[in-house]
Amino acid sequence: MPATSAHVLSPESLSAAGRAAERLSLPTLQSKMKCDPEGYEAELLLLYRHFESSLHLFRHQSAVSPSSDPAVAKDLGDLAMFLAHITPFYLDKLADFPRQIAELLRSDARSLPSSLRCHLAQALILLVNRKIIDIEETLELFMDLQVLGDRTLRKLAFSHVVHNIRRMNQKHKNETKNRKLQNILFLMLQV
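Counting from -12, one number per residue, gives the positions in the sequence shown under this note's numbering.
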């Protein structure tokens, strides 16, 4: 796939997946995948493999040189957001995807470009909001992201945590979940 501002599936990749030769951007494909999840599984697998190879390439480039290719970072961020949007329709195929994003943020957040950090955090927030993953799994990560010195990411992470806890307690207080979240925060403060 070319590293342009809008991702486009080439006619060759679509014909390999048994589709008519038409060019589809990620937003168009996302819309079509939401309407017909079963009909677009081949495209999903193709794009998920592309995400994994972009992730591998990005990690390899950042290990070799601290200033990695911005096109690879943008590609990775766009694919992460795309996959986060369609994960509810392909839970079995993308079961490992939330863990991959969280692990990338946990291990490489300091070395990631700011825009990629924000894209990955937004993808994770989307997955939490859609209840694909639980806030308990990401609370420590979002608290850690607040100390990176990235103002945009700090505001995003803080507002997400506060908004999620408020929403969780809107109808009635969820004491067991509140206690779990408090324990996570207290453990972080003790370290």
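Each residue gets a CB set at the ideal place from its N, CA and C atoms; glycine is no exception. Treat the numbers as computed from the prediction; the structure is a model and nothing was measured.
Across the structure, His106 and Asp65 are spaced so that their CA atoms are roughly 7 Å apart.
The C-beta separation of Ser101 from Leu42 comes to about 18 Å, leaving the pair out of contact by the 8 Å criterion.
DSSP places Ser41 within a helical segment (H, G or I) once states are collapsed to three. Beyond the five residues adjoining it in sequence on each side, Asn161 comes within less than 8 Å, by CB distance, of Met155 in the same chain, given in chain order. Phe84 sits close to Phe38, with the two beta carbons spaced by under 9 Å.
Secondary structure of Leu11 (DSSP, three-state): strand. In this structure, Ile73 is the residue among Glu124, Ile73, Leu174 and Val148 with its C-alpha nearest to the C-alpha of Gln17.
The straight-line gap separating the alpha-carbon atoms of Asp56 and Gln48 is approximately 8 Å.
The Cβ atoms of Tyr35 and Leu70 lie closer than 9 Å to each other. Taking C-alpha positions only, Gln87 is separated from Lys61 by approximately 17 Å. Around the Cβ of Met20, a 10 Å sphere holds 16 or more other Cβ atoms; the residue is buried. For Thr125, the enclosing alpha helix (DSSP H) stretches over residues Ile122 to Leu132. Residues of the same chain with their beta carbon placed closer than 8 Å to that of Glu90 are lacking, with the five preceding and five following residues left out of the count.
Rounded to whole angstroms, the gap between the alpha carbons of Ser40 and His159 is 44 Å.
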